[in-house]
Amino acid sequence: GEDVEQSLFLSVREGDSSVINCTYTDSSSTYLYWYKQEPGAGLQLLTYIFSNMDMKQDQRLTVLLNKKDKHLSLRIADTQTGDSAIYFCAEFISGGYNKLIFGAGTRLAVHP
Amino acid sequence: SQTIHQWPATLVQPVGSPLSLECTVEGTSNPNLYWYRQAAGRGLQLLFYSIGIGQISSEVPQNLSASRPQDRQFILSSKKLLLSDSGFYLCAWSRDGRTAGYTFGSGTRLTVV
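For the protein sequence lines, the chains are A and B, in the order given. Heads up: the first sequence at position 85 corresponds to 85 in my numbering, and the numbers run straight through without jumps. Positions in the second sequence are counted from 1; adding 112 to them yields my numbering.
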């Protein structure tokens, strides 16, 4: 089946690291993504990881993939107030039609 | 460069009225096109996707329909809106959806009253 799950809320102090977790069910997923949505806006692609990788780092962002457990995480180092947003995990489903299945999103609140 | 336009940005419609939301993509040809809905406090639900003109696939049965009259135009419609149709509607396009993922429009906030 196609299902992506995330915790709904995360609150962190400015300067700390944030870790947002996600689990997915389709073991054939080849790509997994993290998107960011600021209030009232569309979704912005932050980063992605291919299923044969277990880690990808891009500046303050680190993505970890545990394919055995179907677990994906996004770590934001030195979290800033501008990082406050909803973060969506998504898995790529290939088949007759390629499509992305999104989780419900994790709302990250950064406080001073 | 490719851009995606979605309008209107906000819409307030009475129950039972029709709906038409439009999405257009520039700078590419034969994109895959998608309509998602984000209900208040909930995640993204895939409503429709299209791999070509006149080719529409529906993910969930509902009060909405989609059409693709031109290569880079995707329209979301309803003949009679329900209160439950309220939400944030997002259009997106992709090439093959892999490394580039999807590019999203800025969304339409629909409130049915």
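For glycine and all other residues, C-beta sits at the position ideal for the given N, C-alpha and C. Since this is a predicted model, take the numbers as computed values, not measurements.
Alpha-carbon spacing of Phe-160(B) relative to Asp-197(B), whole angstroms: 15 Å
So, using beta-carbon positions, are Val-127(B) and Lys-192(B) closer together than 9 Å? yes
Using the DSSP secondary-structure output, state which residues sit across from Glu-138(B) in a beta bridge. Thr-115(B)
Measure the C-alpha to C-alpha separation of Thr-23(A) and Lys-68(A) and round it to an integer number of angstroms. 11 Å
Give me the Cα-Cα distance between Phe-216(B) and Ala-41(A), rounded to the nearest whole angstrom. 9 Å
Drop a sphere of 10 angstroms on the beta-carbon of Ser-162(B), count the other beta-carbons inside from all chains shown, and report buried for 16 or more, exposed for fewer. buried
Residues near Glu-138(B) in its chain [Cβ-Cβ closer than 8 Å; skip 5 each side]: Gln-114, Thr-115, Ile-116, His-117 and Arg-184
May I have the straight-line CA-CA distance separating Phe-92(A) from Trp-34(A), to the nearest angstrom? 11 Å
Buried or exposed for Pro-143(B), going by 16 or more other Cβ atoms inside 10 Å? buried
Could you spell out where the beta strand (DSSP E) holding Arg-184(B) opens and where it closes? No beta strand (DSSP E) contains Arg-184(B), which DSSP labels as neither H nor E.
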